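S.K.: Input: one structure, supplied below.
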Amino acid sequence: SSLSSSSSSSSSLAPPEPRLLDALEKATLKHVGKFNAQAVSNTLWAFASIRHKPCDKLIKALQLKAIALSNTCTPQGTANILWSLTQLGEKPMDVFLEDLESTIEHQNCYR
825 SSLSSSSSSS
835 SSLAPPEPRL
845 LDALEKATLK
855 HVGKFNAQAV
865 SNTLWAFASI
875 RHKPCDKLIK
885 ALQLKAIALS
895 NTCTPQGTAN
905 ILWSLTQLGE
915 KPMDVFLEDL
925 ESTIEHQNCY
935 R
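With positions in the sequence shown counted from 1, the corresponding number in the working numbering is that position plus 824.
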């Protein structure tokens, strides 16, 4: 997704422009439904890398999208999501953690 690429690109900005980040958050919210698992992971990673905590609505939307795509998320992507949330000072949603636990129990990709 070009939005997640933009998010990754903006992680190299120092310091990030607040207007750019606001616009990026709005665009991400508008298009998060089209994201694949890697785009979700990359977007959260980019925000965490520049230490910019997006609005709660976006964090929730990205976690819910990750749940919807959990069968396509790689262990690396899952680790990036968890790392990003931790870096942002955000506790993962209970439903996200429950889905992750279920995925680990039922798939061999984490063994």
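We put the CB at the ideal spot given by N, CA and C, even for glycine.
Computed from a predicted model, the values in this text were never measured in an experiment.
#1: Going by DSSP in three states, leucine 912 sits in which element: helix, strand or coil?
#2: Provide the residue span of the alpha helix (DSSP H) that contains valine 919, from first to last.
#3: Look at alanine 885 and valine 856 and say whether their C-beta atoms are less than 8 angstroms apart.
#4: Is the beta carbon of leucine 882 less than 8 angstroms from the beta carbon of asparagine 860?
M.R.: With the structure as the only source:
#1: The count along the sequence shown starts at 1 and reaches residue 912 at position 88. Leucine 912 falls in the coil class under three-state DSSP.
#2: Here residue 919 is taken as the residue at index 95 of the sequence shown, counted from 1. From DSSP, the alpha helix (DSSP H) with valine 919 extends over 918 to 930.
#3: Taking the sequence shown and counting its residues from 1, the one referred to as residue 885 is at position 61. Taking the sequence shown and counting its residues from 1, the one referred to as residue 856 is at position 32. Yes. Within cutoff.
#4: Here the question's residue 882 lines up with position 58 in the sequence shown. Here the question's residue 860 lines up with position 36 in the sequence shown. The answer is no: Cβ separation not under 8 angstroms.
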